[in-house]
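Read the structure below first, then the notes.
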DNA sequence: CCGGATCCCTTCTGATACTG
DNA sequence: CAGTATCAGAAGGGATCCGG
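Rendered as structure tokens:
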């Protein structure tokens, strides 16, 4: 039987990484860690993402307990997504990685284009 | 043109995550952050990994400057992999994520099996 | 506005055999 | 032991149309 998908590894690092595994999850969490946002706001703030992937990733994160879906009663359905208390325990680590990533981008981009 | 692969996102978090993107990279870095290891040692210490993926991921990490390949002169080729100085700047963050992952595993496993 | 359902192509991975 | 080459299957992701 193949190791289908992101099966739980004995390595806790993989367990953590599996949470943010997905083309846009990093960006989504980045946004949501700054402030709660509505679905359409998220979509607009992430150029290039398709509706399909946005929803899919949001559902994954909800399932994993990192974010929660708040349905505001209104004429056209309005939904807000925000970090859960649990998600807030993860956020600082992502923020640290984010800071490292900034340095990494500096380090790799100097090959300057244009 | 599709957003092929892990194209650099404006989001630095994604930039960092792209480094550890790959089925076994988390585990590999986990091992190597504990101690330098030879290729065959790594393979043996990671059940389920294929030679192909091990080499592939190692090469990715070398290319990204996270680990380095040290060739020890010997009869049968002996190679050792270890974190670079740059890789050491990333390690602490991965370790933090790892700690979080441990908690996460505790949180999700209680569904107990067996 | 929010989300589901298809179709399809690309990439990732696993299995295996082979070279130095 | 370290690494390459090829093949095939599985998963991820994009485009698009449909419905509440």
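Protein chains in written order, with full-length UniProt numbering: chain A, 1 to 114; chain B, 1 to 114.
Note that beta-carbon positions come from the ideal geometry of N, C-alpha and C, so glycine has one too.
- Proximity of the stretch 37–45 of chain B to the stretch 75–95 of chain B meets the contact definition, three or more beta-carbon pairs being nearer than 8 Å.
- When 9 Å is used as the limit between beta carbons, residue 93/A is near these residues of chain B: 93, 96, 97, 99, 100, in chain order.
- When the Cα atoms are used, residue 103/B and residue 93/A turn out to be separated by approximately 13 Å.
- Shown here for residue 62/A: same chain residues with a beta carbon closer than 6 Å to its own, the five before and five after excluded, namely 69 in chain order.
- For the options 107/A, 106/A, 109/A, 96/A, the alpha carbon positioned closest to that of residue 13/B is the one of 96/A.
- The beta carbon of residue 22/A sits closer than 7 Å to those of 57, 60, all from its chain and outside the five residues before and after it, given in chain order.
- Residues 24, 27, 28, 31, 54 of the same chain have their beta carbon placed closer than 8 Å to that of residue 46/B, with the five preceding and five following residues left out of the count.
- Secondary structure at residue 79/B: strand, using DSSP grouped into helix, strand and coil.
- In the structure shown, the three-state DSSP call for residue 46/B is coil.
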